[in-house]
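A.B. asks: Take a look at this one; I'll ask things after.
Number of protein chains: 2
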Amino acid sequence: MPASDFSTNEYNARIAKTRIAMTEQGIDTLIVADPSNMAWLTGYDGWSFYVPQAVILHAAGDPVWWGRTQDRPGAAQTTWLPADNLLDWPEEHVQHPDHHPYEALVTHLRDRGWTKSLGVEMDNYYYSAASHRVLSDALGADNIADATGLVNWQRAVKSDAELLMMRKAGRLSAHMHATLRAGFKLGRPKHELVAEVQAAGIAGLHDLPGDYAAIAPIAPSGREASASHITWNNRPLTANEATYFEISGCYHRYHCPISRTLFVGEPPADIRRAEEAVLSAIADTFAAAKPGTTCEDVAACVYESFARAGYVKGNRTGYPVGLSYPPDWGERTMSLRPGDTTPLKENMTFHLMPGLWTPDWGVAITESFVITPTGGQPLADIPREIHTIPSA
Amino acid sequence: MPASDFSTNEYNARIAKTRIAMTEQGIDTLIVADPSNMAWLTGYDGWSFYVPQAVILHAAGDPVWWGRTQDRPGAAQTTWLPADNLLDWPEEHVQHPDHHPYEALVTHLRDRGWTKSLGVEMDNYYYSAASHRVLSDALGADNIADATGLVNWQRAVKSDAELLMMRKAGRLSAHMHATLRAGFKLGRPKHELVAEVQAAGIAGLHDLPGDYAAIAPIAPSGREASASHITWNNRPLTANEATYFEISGCYHRYHCPISRTLFVGEPPADIRRAEEAVLSAIADTFAAAKPGTTCEDVAACVYESFARAGYVKGNRTGYPVGLSYPPDWGERTMSLRPGDTTPLKENMTFHLMPGLWTPDWGVAITESFVITPTGGQPLADIPREIHTIPSA
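Protein chains in written order, with UniProt numbering: chain G, 1 to 392; chain P, 1 to 392.
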C-alpha cells in the first residue's frame with residue numbers, strides 16, 4: 001500500500017478530520033499504534049507490527065513515524081513523510097527483558113515538548129498494557145486520554161480512491177470464490193483446496209496482484225462449522241456436510257471479505273431454510289441501507305428474516321471494513337446490531353454477516369457492501385446460493 | 001493443532017512446570033492471553049484472538065478456557081478441557097463501546113474466588129491496556145503481577161513430540177524453498193511467485209498438510225531489501241537484484257522459518273562477501289551451539305564472522321521459535337545477542353538470523369535449528385548458497 005496510492009490532498013484531508021476529532025476530545029498529541037491507522041495516515045506498510053511502533057500526530061506539523069531502527073528504511077520507502085519525521089528506537093532493545101521501546105518514545109516526546117494532553121489507543125493489539133505503563137509512569141496517567149477508535153472512526157466513510165481499492169479487492173474475492181467452486185470436490189482434502197484459493201487471491205488477475213488478507217481463511221466443515229473461527233485441516237470433503245469459506249481478497253491492504261457455503265449432496269431442509277433466511281436478509285438489508293438509516297435498523301432486517309424462518313440469530317450481523325492488518329479486517333467502530341444507533345452515511349462500507357451457527361452445522365453467506373443513496377451495493381459479484389455438487 | 005497431537009502426560013508436564021514458575025513468582029492465578037501459550041496449555045486453536053480470550057491457570061485444577069460465546073464450540077472441539085471449564089463472555093459485548101469483555105472475566109474470577117495474586121502478560125498483543133485497566137480497577141493493580149513470558153519460557157525446551165512437529169514444518173519449509181527456486185525467473189512478477197510458494201506451504205506434501213504461518217512472506221528485492229519487513233509487490237524480478245524470501249512452513253501451528261537469497265545474474269563482490277560471512281557464521285554457530293553455551297557466546301560467532309568480512313551487524317542474530325500465532329513466530333524470551341547470558345539447553349530451538357541490511361541491498365540466509373549435545377542441528381535441509389539464475 002504505497003503512499004502513492006493516494007493524493008497529497010487525500011492525506012491532508014485525513015489528517016484534518018483526525019485533528020478535528022482530537023480537538024473535540026482535548027488531545028494535543030495522538031499516538032497511533034494500530035497499523036491500519038498508521039497506514040491510513042502515512043502510507044506505512046510492512047510486517048513490523050510485532051514490535052512497538054506508532055505514528056504520532058501532533059496538533060500541528062506532519063505526522064511522525066516511530067519504530068525500530070531496522071524498519072526506518074521501510075518507513076522511508078512506503079510513507080510520504082520527510083526524513084526528519086522518521087524516528088526510531090534502539091535496535092538492541094528488541095524484545096529485551098530490561099528495556100522497553102516506549103522509553104525511547106518518551107524521550108522523543110519530551111524532545112518535541114509533546115508531553116501534555118496525549119491520546120492513546122487503549123484497546124488495540126499493538127498498544128500493550130506494558131507500553132501504557134511505561135508512558136503513564138513517565139508522563140502521568142491523568143495526562144493520557146483513551147483515544148481507542150478515534151482514527152478508525154475517521155476511516156468509516158471511504159473516499160472514491162479507497163472505494164476503487166475495495167472494488168479491486170472485491171474482484172480478487174470473486175476470483176477466489178470462483179476458484180473455490182471449481183475445486184470443491186467430494187473426497188478432496190480441504191487443505192489442498194485452501195492452497196488453491198489462497199494462491200488465486202495472491203496471484204490475482206491480470207493487472208490485479210493480491211496482498212495477504214488480515215485474517216486467514218476460515219473454512220470449517222460439518223460439525224466443525226458449529227464453531228465460527230476454525231481455519232482448516234486435511235479432512236476430505238465429505239458427503240452431506242456443509243462447508244463455509246470466509247475469505248477476502250486484499251488489494252494494497254484493502255479488503256472485501258465474503259463468505260459462501262458449499263455442500264456435497266443436497267442440503268437438508270433445515271439448511272435450505274437457513275439459506276432462504278440469509279438470502280432474504282441480504283436483499284432486505286440492501287434495500288434498507290441508505291444514508292440516514294441507523295445500524296440497528298438495517299440489522300433488524302437480518303434478525304427479522306431469521307425469525308420468520310424460525311431461527312434466532314444471537315450475534316451481531318455486520319461491521320465496517322476497509323484497510324486492515326492482522327489480526328482483524330474489521331474497523332472496530334460501529335456494529336450492525338440492536339442498540340447501535342449510528343446513522344449510516346454514503347460511502348461507508350460494511351461486511352454484512354448473516355451467518356447462522358447451530359450445534360450441528362453452520363451456514364455463512366455474507367457480502368461486503370457500500371452505502372449509496374439507493375441502498376446497499378455489493379462490492380463483489382459472486383453467486384450467493386449454496387453451491388452444491390453431487391455426493392457420488 | 002488439535003489437543004490430540006500430544007499426550008495427557010505431556011499436557012500435565014507443561015502445566016506442572018508452569019505452576020512451578022507461578023509459585024516462584026508468587027502467582028496463584030495466571031491469565032494467559034497469548035494464543036500460542038493458550039494452545040500450548042490446552043490445544044485451543046482458532047482465529048478468534050482478535051477478541052479478548054484467555055486460558056486461566058489456577059494453582060490447582062484443570063485450566064479454564066475463557067472467550068466469546070461464539071467460540072465456545074471451537075474450544076470444545078480443539079481443547080482437552082472438560083465442558084465445565086469452558087467459560088464465555090456475552091456475544092453482544094463484541095467490540096462494544098460501553099462494555100468490555102474483561103468485565104465478564106472479573107465476574108468469573110470472583111465466582112471462583114480467584115481474585116488474589118494474579119499474573120497477566122503485560123506485554124502481549126492480546127492483552128491490551130484497556131483489558132488491564134478493567135482488571136486493575138476491579139481487583140487492584142497491586143494484586144496483579146507482570147507475568148509476561150512466564151509460559152513462553154516453559155516452552156523453550158521442546159518435547160520429542162514437538163520436535164517432530166517442527167521437523168515436519170521444516171519439510172514444508174524445504175518444499176516452499178524448492179518451489180521458490182523453481183519459479184524464480186527473470187521478469188516474473190513477484191506476487192505470482194509468492195502465490196506459488198504460499199500454495200506449496202499449504203498444500204504441502206503427501207500426508208503433510210500445511211497451516212498458515214504466523215508471519216506473511218517477507219520478500220523484498222533490490223533496494224526494497226534494505227528494509228527488513230517489506231512483504232511483496234507485483235514488480236518483475238530484475239537483473240542484478242538480490243531478493244530474499246523469509247518464509248516458514250507451518251505444521252499444526254509449529255514453525256520452521258528459513259530465509260534464502262536469490263539473485264538474477266552474478267552477485268557483485270560485496271554481496272558475495274556478505275554471503276561468505278553468513279555461511280561461515282552459520283557453520284561456526286552450529287559448531288558452538290551446545291548445551292551450556294550462552295546465547296551471547298553463540299551470537300559472537302555471527303558478529304565475528306561479519307567483522308572478519310568487514311561488515312558490522314547491528315541487530316540481534318536469532319530468537320527461539322516453535323508454536324505460534326500471528327503476528328510473530330518468535331517466542332519472545334531469550335535472544336542471540338550480546339548481553340544475553342541465558343545458557344542453552346538440549347532441545348531448545350532457534351531461528352538463527354544472520355542477515356545483513358545495507359542502504360542498497362539486503363542478504364538473509366537463515367536457519368531454524370535445535371540444540372543437541374554435538375551442536376546446532378538444522379531442522380530443514382535446504383541449499384544455503386545464493387541461488388542465481390542467468391540475467392538474460
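Cβ coordinates follow ideal geometry from the N, Cα and C atoms, glycine included.
With distances taken from CA atoms, which of P:Ile389, P:Ser226, P:Thr179 and P:Leu163 is nearest Ala195 (chain P)?
C.D. replies: As a first step, residue 195 (chain P) is located in the second sequence; it is residue number 195 there, counting from the start. Among P:Ile389, P:Ser226, P:Thr179 and P:Leu163, the Cα nearest to that of Ala195 (chain P) belongs to P:Thr179.
A.B. asks: What's the gap between the Cα of Met1 (chain P) and the Cα of Thr78 (chain P)?
C.D. replies: As a working note, residue 1 (chain P) is residue 1 in the second sequence. As a working note, residue 78 (chain P) is residue 78 in the second sequence. Reliability fails at Met1 (chain P), whose pLDDT of 48 lies under 50, so the model's placement of it is uncertain and no value is given.
A.B. asks: Are the Cβ atoms of Tyr319 (chain P) and Leu336 (chain P) separated by less than 9 Å?
C.D. replies: For this step, residue 319 (chain P) is matched to residue 319 along the second sequence. For this step, residue 336 (chain P) is matched to residue 336 along the second sequence. Their beta carbons are under 9 Å apart, which means Tyr319 (chain P) touches Leu336 (chain P) by this criterion.
A.B. asks: In the DSSP assignment, find the unbroken beta strand (DSSP E) run with Trp361 (chain P) in it and report its ends.
C.D. replies: If you number the second sequence from 1, residue 361 (chain P) lands on position 361. Note, Trp361 (chain P): premise wrong, no beta strand (DSSP E); not H, not E.
A.B. asks: Alpha carbon to alpha carbon, how far is Leu193 (chain P) from Ala200 (chain G)?
C.D. replies: Counting from 1 along the second sequence, the entry for residue 193 (chain P) is found at position 193. Counting from 1 along the first sequence, the entry for residue 200 (chain G) is found at position 200. In a straight line, the C-alpha of Leu193 (chain P) is about 12 Å away from that of Ala200 (chain G).
A.B. asks: Three-state secondary structure (DSSP) at Arg68 (chain G)?
C.D. replies: For the purposes of this step, residue 68 (chain G) is taken as the residue at position 68 of the first sequence. Note: Arg68 (chain G) maps to strand in three-state DSSP.
A.B. asks: Under 8 Å Cβ to Cβ from Asn124 (chain G), same chain only, skipping five residues before and after it: list those, please.
C.D. replies: Here residue 124 (chain G) is taken as the residue at index 124 of the first sequence, counted from 1. Cβ within range, chain order: Ala33, Asp34 and Thr148.
A.B. asks: Under the rule that 16 or more other beta-carbon atoms within 10 Å means buried, what is Ser7 (chain G), buried or exposed?
C.D. replies: Looking up residue 7 (chain G) in the first sequence gives position 7. Exposed: under 16 other Cβ atoms inside 10 Å.
A.B. asks: Would you kindly report the start and end of the unbroken alpha helix (DSSP H) that includes Leu163 (chain P)?
C.D. replies: What you label residue 163 (chain P) is simply residue 163 of the second sequence in a count that begins at 1. That run of the alpha helix (DSSP H) goes Asp160 to Gly183.
A.B. asks: Just the C-alpha distance for Thr69 (chain G) and Glu91 (chain G), rounded to the nearest angstrom, thanks.
C.D. replies: Position 69 of the first sequence, counted from the first residue, corresponds to residue 69 (chain G). Position 91 of the first sequence, counted from the first residue, corresponds to residue 91 (chain G). Spanning the two alpha carbons is a distance of roughly 5 Å.
A.B. asks: In chain order, what residues of the same chain lie with their CB nearer than 8 Å to the CB of Ala145 (chain G), ignoring the 5 residues before and after it?
C.D. replies: On the first sequence, position 145 is the one that residue 145 (chain G) refers to. Only Gln25, Gly26, Ile27, Ser117, Leu118, Gly119 and Val120 meet the Cβ criterion.
A.B. asks: Starting from the beta carbon of Gly46 (chain P), find every residue of chain G whose beta carbon is closer than 9 Å, and list them in chain order.
C.D. replies: If you number the second sequence from 1, residue 46 (chain P) lands on position 46. Neighbours of Gly46 (chain P) on chain G, chain order: Ile218, Ala227, Ser228, His229, Ile230 and Thr231.
A.B. asks: Find the nearest neighbour of Ser48 (chain P) within the set P:Arg223, P:Trp66 and P:Pro359, judged by alpha-carbon distance.
C.D. replies: As a position in the second sequence, residue 48 (chain P) is number 48, starting the count at 1. Per the Cα distances, P:Trp66.
A.B. asks: Can you say whether Pro383 (chain G) is buried or exposed, counting buried as having 16 or more other CB atoms within 10 angstroms of its CB?
C.D. replies: Residue mapping note: residue 383 (chain G) aligns to position 383 of the first sequence, counting from 1. The residue in question, Pro383 (chain G), is exposed, as its Cβ has fewer than 16 Cβ neighbours within 10 Å.
A.B. asks: What whole-angstrom Cβ distance do Val264 (chain P) and Ser391 (chain P) have, given they're in contact under 8 Å?
C.D. replies: Position 264 of the second sequence, counted from the first residue, corresponds to residue 264 (chain P). Position 391 of the second sequence, counted from the first residue, corresponds to residue 391 (chain P). With 8 Å as the limit, Val264 (chain P) and Ser391 (chain P) qualify as a contact, their Cβ atoms being about 5 Å apart.
A.B. asks: Out of curiosity, what's the CA-to-CA distance linking Pro268 (chain G) and Arg332 (chain G)?
C.D. replies: Taking the first sequence and counting its residues from 1, one reaches residue 268 (chain G) at position 268. Taking the first sequence and counting its residues from 1, one reaches residue 332 (chain G) at position 332. If I take the Cα positions, the gap works out to 36 Å.
A.B. asks: Any Cβ of chain P within less than 9 Å of the Cβ of Gly149 (chain G)?
C.D. replies: On the first sequence, position 149 is the one that residue 149 (chain G) refers to. Closer than 9 Å: yes.
A.B. asks: Less than 9 Å separating the beta-carbons of Ile56 (chain P) and Ala242 (chain P)?
C.D. replies: Your numbering for residue 56 (chain P) matches position 56 in the second sequence. Your numbering for residue 242 (chain P) matches position 242 in the second sequence. No. Outside cutoff.
A.B. asks: Look at the alpha carbon of residue 401 (chain P) and the alpha carbon of Pro209 (chain P), and state the distance between them as a whole number of angstroms.
C.D. replies: Because chain P in this structure spans residues 1 to 392, residue 401 (chain P) falls outside the shown range and cannot be described.
A.B. asks: Would you say residue 429 (chain G) faces chain P, with C-beta separation under 9 Å as the test?
C.D. replies: Residue numbering for chain G in the displayed model covers 1 to 392; residue 429 (chain G) lies beyond these limits and cannot be assessed.
A.B. asks: Which residue wins for smallest C-alpha separation from Thr388 (chain P), given the options P:Asn240, P:Tyr251, P:Val157 and P:Thr374?
C.D. replies: Position 388 of the second sequence, counting from 1, holds the residue named residue 388 (chain P). If we check each option's Cα against that of Thr388 (chain P), P:Asn240 comes out closest.
A.B. asks: Less than 9 Å between the C-beta atoms of Thr372 (chain G) and Pro257 (chain G), yes or no?
C.D. replies: The residue you call residue 372 (chain G) lines up with position 372 of the first sequence. The residue you call residue 257 (chain G) lines up with position 257 of the first sequence. No, the Cβ-Cβ distance between Thr372 (chain G) and Pro257 (chain G) is not below 9 Å.
A.B. asks: Pull up the distance between the alpha-carbon of Leu237 (chain G) and that of Pro220 (chain G), whole angstroms please.
C.D. replies: Position 237 of the first sequence, counting from 1, holds the residue named residue 237 (chain G). Position 220 of the first sequence, counting from 1, holds the residue named residue 220 (chain G). So the alpha carbons of these two residues sit roughly 10 Å apart.
A.B. asks: What number of angstroms, rounded off, separates the C-alpha of Asp160 (chain P) from the C-alpha of Ser248 (chain G)?
C.D. replies: Numbered from its first residue, the second sequence carries residue 160 (chain P) at position 160. Numbered from its first residue, the first sequence carries residue 248 (chain G) at position 248. Their Cα atoms are separated by approximately 37 Å.
A.B. asks: From residue 399 (chain P) to Met22 (chain P), what does the alpha carbon distance come to, in whole angstroms?
C.D. replies: Residue 399 (chain P) cannot be examined here, being either before or after the span of chain P that is shown, 1 to 392.
A.B. asks: I'd like to know if Asp328 (chain G) contacts chain P, where contact means its C-beta is closer than 9 Å to some C-beta of that chain.
C.D. replies: Here the question's residue 328 (chain G) lines up with position 328 in the first sequence. Asp328 (chain G) counts as touching chain P.
A.B. asks: Could you please tell me which residues of the segment 144-175 of chain P, in chain order, have their CB closer than 9 Å to any CB of chain G?
C.D. replies: Listed by position along the chain: Asp146, Thr148 and Gly149.
A.B. asks: Starting from the C-beta of His191 (chain P), find all residues in its chain whose C-beta is less than 8 Å away, skip the five residues before and the five after it, and write them out in chain order.
C.D. replies: Walking along the second sequence from the start, residue 191 (chain P) turns up at place 191. Counting only Cβ-Cβ distances below 8 Å, and skipping sequence neighbours, we find Trp232, Asn233 and Asn234.
A.B. asks: In the DSSP assignment, what residue or residues form a beta bridge with Ser259 (chain G)?
C.D. replies: Within the first sequence, the letter at position 259 stands for residue 259 (chain G). Per DSSP, G:Glu246.
A.B. asks: With a threshold of 9 Å between beta carbons, is Pro189 (chain G) in contact with chain P?
C.D. replies: Walking along the first sequence from the start, residue 189 (chain G) turns up at place 189. At least one chain P Cβ lies under 9 Å of Pro189 (chain G).
A.B. asks: Can you name the residues of chain G whose CB is closer than 9 Å to the CB of Val94 (chain P)?
C.D. replies: Your numbering for residue 94 (chain P) matches position 94 in the second sequence. Asn315, Arg316, Tyr319, Ser335 and Arg337, listed in chain order.
A.B. asks: Across the segment 93-107 of chain P and the segment 124-141 of chain P, are there enough close Cβ pairs to call them in contact, namely three or more that are closer than 8 Å?
C.D. replies: In short, these stretches touch, since the Cβ pair count reaches three.
A.B. asks: Helix, strand or coil: which one does DSSP assign to Ala300 (chain P)?
C.D. replies: Within the second sequence, residue 300 (chain P) is the residue found at index 300, counting from 1. Here Ala300 (chain P) sits in helix by DSSP.
A.B. asks: If we require 4 or more residues per run, which alpha helix (DSSP H) segments fall completely within the segment 196-238 of chain P?
C.D. replies: Whole alpha helix (DSSP H) segments, 4+ residues: zero.
A.B. asks: With a threshold of 9 Å between beta-carbons, can Thr261 (chain G) be considered close to chain P, or not?
C.D. replies: Here residue 261 (chain G) is taken as the residue at index 261 of the first sequence, counted from 1. No, Thr261 (chain G) lies away from the interface with chain P (no Cβ there is under 9 Å from its Cβ).
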